[in-house]
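Heads up: the structure comes next, in structure tokens.
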Amino acid sequence: MLVVDMSTVPKKFVIKPFRAHCQMDKEQAQNIWKSLSSAVTEIYNKNASLLSFEELYRNAYNLVLHKHGDMLYEGVQDTVYTRLRSVAEQVAVCPDNQLLQEVCEQWKQHQVTMIMVRDILMYMDRTLGSVSSQLLHNQYLRYVPQNKKMAVYDLGLWAFRETIARHGQVRDRLRKLLLENIRDERLGRLIDHNCMKCALYMLSELGIDSSNVYEEEFEVYFLKETCQFYRSESHLFLSQNTCPDYLKKVESRICEEMQRVPNYLHANTRPKLRHIVETELISAHTPALIESKKSGFCDLLRQSEEKMADITRMYALCFQVPATLDLLRSALHEHVRAAGQLLLNDEMKDPVVLLRSLLALREKYDNVVRNAFRGENIAQKKVKEAFESVINADTRCASSLVAYIDELMRSGLKGAAEGEVECELEKVIIIFRYLHDKDVFEVLYKQYLAKRLLNQRSISSEAERQMLVKLKRECGYQYTTKLEGMITDIRFSRGAMEKYNTHRDEKKMNEVDVKTARAASCDIDVTMLTAGYWPIHPAIPCVVPDVAASASESFKNFYLKQHTGRKLTWLTSSGTAELKAIFSDVAKHELTVSTYQMCILILFNALDFGEELTMQSITDATKIPHNDLRRHLISLCTPKYRILLKRSKGKGFSSNDKLRVNNSFASKLRRVRVPLVAMKELSTHPNSSHSVPAAIEEDRRHLCEATVVRIMKARKQAQHNDLIAEVNYFI
């Protein structure tokens, strides 16, 4: 048998529940409520400092605890409503000039009062207050939510809204005063921001349920008033002022309206207010601002250097309304296109001047996009499209671009630093990118490059090389293969001439015969041109003087020994020569003439003084083609360089026309360069500005045919429209 010593077993500790409090009867509850009601009245009368917060809180606590919460809640509600009804009557009789201030004062007092009352009745707002064991699990339920009643502070807001804010003698007058104050401020008058902020804050606070008092009682009317005000003001101001002045006004007005939000408006009003202001001041008048002839957007663009700030301001305002930006960009596109077309309308303008004008125009509107339009991509694209439209509307632009590059390479880049050269060439490439007729450009560029290289008129071989590098980067290596081959030929020719001169000097020292002496008496400088690279068609060789023939034969023999299997064909139509001419004892000159002119002039060496030659006899002796002979004779007979005299009058030449040397020729210069009359085929005459050369059209046709064949070989069959689209893609 087990015996347990109970003295050693620990006893279980039991906490007994509190005894239930004595129930509070109704009479006792009424007495407690009277003290609370009196306290609420004293708080309204600003005597709260005389009250004991601890005592009032305990009384409210006891009422709720003993299930007299309904009496307490309804009593507070009646007390607040009674007080506010008397305040409402007082506010209703206030004159208009005092109403706003009076409402604000009563609102502030009511807020302070309700905060104190809420603190006293905090327990009623927070807990149920039951001590029964069955409700222990609900000990922290809210009294107000359980009974579907609003919190004490919200009750005060509701009462203030129904008794004062929506009072028949207050509601409309208060709204009218608020709107009038805002209108006065817009007209430049001073208003009381504190009262405005207080009143509007009051309206926003009074929206305690699903209704939005601020929006219903004020915002709707305010936005409508704003719309009417700015609609009227904008039309009047724009009709009496310039567009730049209007833009400044709009900028100022938007800033003013946005400042009203932190000053006294609700934050939710900002987007609505901004939308109305931007609609009435910007969207509604953008077409007029663009199309105005006196000071509109297009006029500002014409004076962009002086009006950049106004253009920037207009873009900044339109940027806030995306729909208006499209109008602004389209106007920029049309203006640039019209300005470019105006330049092209002057058909007699020099090609170089035309290209410079286009470059200046592009630079001008690039600055506008970069500075005023914040460098945005869409505006850049619009300007690019406008220039493409202008440049590709007239084939003169291709020839003008080539002529401009030629002018740069001949003299425009003289003395320029490396950075300046790069900058100028980059400008050229930008125009080149706009060009669709790149094949026309290639043909013309090849002709001008050939002239520069053969006549040694290029001031910088490095600049020529840089230009080709840029063209290759834009169009690929095939585009510049022949152009690079031309420069390679010039470099190779210089090396070959150095070797030939060394060989000739050595042979001159070792051999003394008539043929060698004759060849050595004439210096020769030969340029070897690869067939297919150069835009020069082989011509029938003319009969050159013996001394030149011996020199050319000597070089030919040397070259063919060095390069077996090659063939040399002399292009006498493209060379130049330097002649020493003695017209009298005083007039001695060195003439720089073409090879054909050299052949013509040397014929007169065999004649007596004053003897003449006919054009037919010159043709027979030199074998120069008729048209070329006529051109070179005209050049020798021009008034400025009248080396030969023609007996017959008039500019034309016939086979029987007789010519003789002008022995009285004189010039201030010792070295005289006789220029050739320009050929019509190479001139960039305006009459041919809208046509593509026949040779290029033929090349394009062959390219299209080859592309069609290549596509059909790959696809075997294709719809006609699909084939056209694919050919366009590849070309």
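Going by the working numbering, the first residue of the sequence shown is number -1, and it counts up by one from there. For every residue, glycine included, the Cβ atom is placed at its ideal position computed from N, Cα and C.
- Near F317, what residues of its chain come up, given a Cβ to Cβ distance below 7 Å and the 5 sequence neighbours on each side ignored? Cβ neighbours of F317 beyond the five flanking positions: L323.
- When the Cα atoms are used, what is the spatial distance from F227 to E278? 9 Å
- Would you tell me roughly how many angstroms separate the C-alpha atoms of D94 and T224, rounded to the nearest one? Whole-angstrom Cα-Cα distance: 22 Å.
- Out of curiosity, what's the CA-to-CA distance linking W532 and T310? 51 Å
- Pull up the distance between the alpha-carbon of R669 and that of T593, whole angstroms please. When rounded, the separation of the alpha-carbon atoms in R669 and T593 is 17 Å.
- Task: Leaving aside the five residues before and after K586 along the sequence, list all residues of the same chain whose C-beta is less than 8 Å from its C-beta, in chain order.
- Result: K578, A579, I580 and R668
- Query: Is the distance from the Cβ of L176 to the Cβ of V101 below 8 Å?
  - Reply: With contacts defined as CB atoms closer than 8 Å, L176 and V101 fail to qualify as a contacting pair.
- Query: Does the separation of the CB atoms of G338 and L359 fall below 8 Å?
  - Reply: yes
- Task: With distances taken Cα to Cα, identify the nearest neighbour of F663 among L234, I403 and L589.
- Result: L589
- Closer than 8 Å to chain B by CB, D392: The structure shown has no chain B; it contains just one protein chain.
- Query: Can you give the Cα-Cα distance for D487 and E424, rounded to whole angstroms?
  - Reply: 26 Å
- Query: In terms of alpha-carbon separation, which member of V400, L657 and L49 lies closest to R645?
  - Reply: L657
- Query: For the 8 Å Cβ check, are there 3 or more pairs between the segment 258 to 266 and the segment 226 to 246?
  - Reply: no
- Message: One question on the structure: do S633 and V675 come within less than 8 Å of each other, judged by their Cβ atoms?
- Response: yes
- Query: Quick one: what does DSSP say A307 is sitting in, helix, strand or coil?
  - Reply: helix
- L357 and I429: beta carbons closer than 8 Å? yes
- Item | C-beta atoms of L298 and Y313 nearer than 8 Å | No Cβ-Cβ contact shorter than 8 Å links L298 with Y313.
- Query: Can you tell me whether DSSP reads E588 as helix, strand or coil?
  - Reply: strand
- Query: Under the rule that 16 or more other beta-carbon atoms within 10 Å means buried, what is N57, buried or exposed?
  - Reply: buried
- Query: DSSP state of L657, grouped into three classes?
  - Reply: strand
- Whole-angstrom distance between W156 and I180, CA atom to CA atom: 27 Å
- Item | Three-state secondary structure assigned by DSSP to R164 | If DSSP states are grouped into helix, strand and coil, R164 belongs with coil.
- Item | Beta carbon of D626 nearer than 8 Å to that of S571 | In terms of Cβ geometry, D626 and S571 form a close pair [threshold 8 Å].
- By a C-beta neighbour count over all protein chains shown, 10 Å radius and 16 as the cutoff for buried, is G648 buried or exposed? exposed
- Query: Is A716 helix, strand or coil when you go by DSSP?
  - Reply: coil
- Query: Roughly how many angstroms lie between the CA atoms of D404 and S652, to the nearest whole one?
  - Reply: 36 Å
- Query: Hey, is the segment 552 to 561 in contact with the segment 601 to 609, meaning 3+ C-beta pairs nearer than 8 Å?
  - Reply: no
- If I'm right that V115 touches I41 with Cβ under 8 Å, what's the distance once you round it to whole angstroms? 7 Å
- Message: Which same chain residues end up closer than 6 Å to Y151 when comparing Cβ atoms and leaving out the 5 residues on each side of it in sequence?
- Response: M112 and R116
- Query: Under a three-way DSSP split, which group does A676 fall into?
  - Reply: coil
- Query: Out of G417, R368 and K412, which has the shortest C-alpha to C-alpha gap to R455?
  - Reply: K412
- Query: Would DSSP call R640 helix, strand or coil?
  - Reply: coil
- Query: According to the neighbour-count rule (16 or more other Cβ atoms, all chains shown, within 10 Å of its Cβ), is E361 buried or exposed?
  - Reply: exposed
- Task: Measure the Cβ-Cβ separation of V366 and S302 and say whether it is below 8 Å.
- Result: yes
- Query: In this structure, does DSSP put L119 in helix, strand or coil?
  - Reply: coil
- Message: As a quick exercise: from S232, H624 and P673, pick the residue whose alpha carbon is nearest that of E249.
- Response: Closest option to E249, Cα to Cα, is S232.
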